[in-house]
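Below is one structure, written out as structure tokens; the observations come after it.
In our numbering, the protein residues as written are 7 to 331.
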């Protein structure tokens, strides 16, 4: 199989490339390495060197330029996006809005070259924020986004871009018979994630505060997320992507709600101490509660294998190695 992975040098893309390469696929990884997005050149990928695989091809280029080519692929995985954690989403929303142009070019290219399978990475940010408040928090199921009825307000420009991408995927199948599937990752995490994201940042801070009586987290600390280890998320994609062809979306989630205070406590315990965790209110915290319903994933046979406690322990150990401790 021959696969295109746009945005392949980012956190999710690196793990996806690894899964494909391990299966013996030919992988063309396209990424321009834009600052603040977490993208890394292959020689700097933390957990493995993709250049050691014969099937790996690196193209350091904006995917919009690459889409001018008429290359043929069996699978096209579209991850390219301007996203660099909550700070970019909150404070540079027009940079994130560039995703609209990126996605439009992807769909035009897909219509022209017609990969056998097109995989669009959306986001849980596409869900209505009205369902994620302190007083009205719901498990977010795939059918809560219904393009045939009234749509709720997604999470800022990033959520709008991803919601629009899903709509284009739906149209690409309905009007042009493209084989499409969308994924809505919740809070994917892993050891090699960029420090602009909460997971590595909190693991590192837990080590830096080791032995102290208090540990701080962004916002109130009462906001909650659904953390899924990146290896489980990628496995879910590999096991389910051929089960959907009409552009429908599948959550990548565990259904477990974890507050940031709880997360920090788990990280501190993994680092060997038990502080009081307090929130600071000077950083953006996003929506209050974002947790994914797992009913469809369960129906498709998808079940996470890495508990959050195990994942945090791995993250703390990884940061300890980086800190030399």
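Virtual Cβ for every residue (Gly too), placed ideally from N, Cα, C.
(message) I want to know whether the segment 191–205 touches the segment 231–251 - three or more CB-CB distances under 8 Å.
(response) yes
(request) Starting from residue 26, follow the alpha helix (DSSP H) in both directions and report where the run begins and ends. (result) 17–28
(request) Compare the beta carbon distance of residue 67 and residue 41 with 8 Å and say whether it is the shorter of the two. (result) In this structure, residue 41 does not lie closer than 8 Å to residue 67 by Cβ.
(request) Could you tell me which of 23, 10, 8 sits nearest to residue 241, measuring between CA atoms? (result) 23
(request) For residue 150, name the three-state secondary structure that DSSP assigns. (result) Residue state, collapsed to three classes: helix.
(request) Note the first and the last residue of the continuous alpha helix (DSSP H) segment covering residue 216. (result) That residue, residue 216, is in no alpha helix (DSSP H); it is neither H nor E in DSSP.
(request) For residue 117, I'd like the list of residues in its chain whose CB is within less than 6 Å of its CB, leaving aside the five on either flank, ordered along the chain. (result) 182
(request) In the DSSP assignment, find the unbroken alpha helix (DSSP H) run with residue 267 in it and report its ends. (result) 266–276
(message) With distance defined between alpha-carbon atoms, name the residue in 271, 273, 256, 115 nearest to residue 146.
(response) 256
(message) Please classify residue 190 as buried or exposed, where buried requires at least 16 neighbouring CB atoms within 10 angstroms.
(response) buried
(message) Classify residue 5: buried if its beta carbon has 16 or more other beta carbons within 10 angstroms, exposed otherwise.
(response) With the chain represented from 7 up to 331, any question about residue 5 goes unanswered, as that position is not in the structure.
(message) Check whether the segment 131–144 and the segment 166–173 touch, using three or more Cβ-Cβ pairs below 8 Å as the test.
(response) yes
(request) Within 10 angstroms of the Cβ of residue 12, are there 16 or more other Cβ atoms? Answer buried if so, exposed if not. (result) buried
(message) According to DSSP, is residue 51 part of a helix, a strand, or is it coil?
(response) coil
(message) As a quick exercise: from 280, 304, 327, 198, pick the residue whose alpha carbon is nearest that of residue 44.
(response) 198
(request) Note the first and the last residue of the continuous alpha helix (DSSP H) segment covering residue 179. (result) 162–182
(message) Tell me the rounded alpha-carbon separation between residue 218 and residue 324.
(response) 21 Å
(message) Using a Cβ distance threshold of 8 Å, determine whether the segment 148–166 contacts the segment 211–228, with at least three qualifying pairs required.
(response) no
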